[in-house]
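Just so we're aligned, residue 3 is where the sequence shown starts under the working numbering, counting upward by one.
We put the CB at the ideal spot given by N, CA and C, even for glycine.
From a predicted model like this one, the values you see are computed outputs, not experimental measurements.
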Amino acid sequence: MAAAPKHKLNLSVQYADERLKEVLTRPLLRKTIQAALFFPADLTLRIVDAEEGQILNRDYRGKDYATNVLTFAYTEDSDAEVTQADIILCTDVLEKEAKEQKKTVLEHAQHLVVHGVLHAQGYDHEDDEEAEEMEALEIEILEGLGLKNPYL
Numbered sequence: 003m004a005a006a007p008k009h010k011l012n013l014s015v016q017y018a019d020e021r022l023k024e025v026l027t028r029p030l031l032r033k034t035i036q037a038a039l040f041f042p043a044d045l046t047l048r049i050v051d052a053e054e055g056q057i058l059n060r061d062y063r064g065k066d067y068a069t070n071v072l073t074f075a076y077t078e079d080s081d082a083e084v085t086q087a088d089i090i091l092c093t094d095v096l097e098k099e100a101k102e103q104k105k106t107v108l109e110h111a112q113h114l115v116v117h118g119v120l121h122a123q124g125y126d127h128e129d130d131e132e133a134e135e136m137e138a139l140e141i142e143i144l145e146g147l148g149l150k151n152p153y154l
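Put into structure tokens, the structure is as follows:
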């Protein structure tokens, strides 16, 4: 099977929380994001601690707790030629979930990055049909990166 075409990616990575800087390197993040892109994109990926994650989730989603990944998509409902979004990963939640799910932090982080990139491109999981489509895409993308099904 031929490799998927690479789409133009302008990526900014911000390590507000530097605990995962050695694990989630810029080249690895770029490769992971590129695998999930269906359109050219201008993305910022910010890695934060629980405090910042909670503030963002509370202020923008009305949920007063830190969550694993937040996606602020700016072009998902428009005719923009370039996907624009900010994707936030919370180190504390990511590490806790990886331990609970018996996964490496890297495996879980790559799954969450793919999940966030799909949200940035308009995918969602508000109903069962959407959730199944999004999960199937995540599984396929992660397998293409040599990772196992995150839902098993």
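When C-alpha distances from K33 are compared across G146, K150, L154, the shortest belongs to G146. When C-alpha distances from H9 are compared across E99, L72, I35, the shortest belongs to I35. Nearest to R48 by alpha-carbon distance, out of L154, L31, H110, is L31. Secondary structure at N59: helix, using DSSP grouped into helix, strand and coil.
For L47, the beta-bridge partners assigned by DSSP are V15, I89. Spatial neighbours of V119 in its own chain (CB-CB distance under 6 Å, excluding positions within 5 residues in sequence) are listed in chain order as I35, A38. Burial is judged here by how many other beta carbons sit within 10 angstroms of a residue's own beta carbon; G148 has fewer than 16 and is exposed. In the three-state scheme derived from DSSP, where H, G and I count as helix and E and B as strand, A75 is classed as strand.
Around the beta-carbon of E140, 16 or more other beta-carbon atoms lie within 10 Å, marking it buried.
By the neighbour-count definition (other C-beta atoms within 10 Å, threshold 16), A82 is an exposed residue.
A straight line joining the alpha-carbon of R28 with that of E134 spans about 30 Å.
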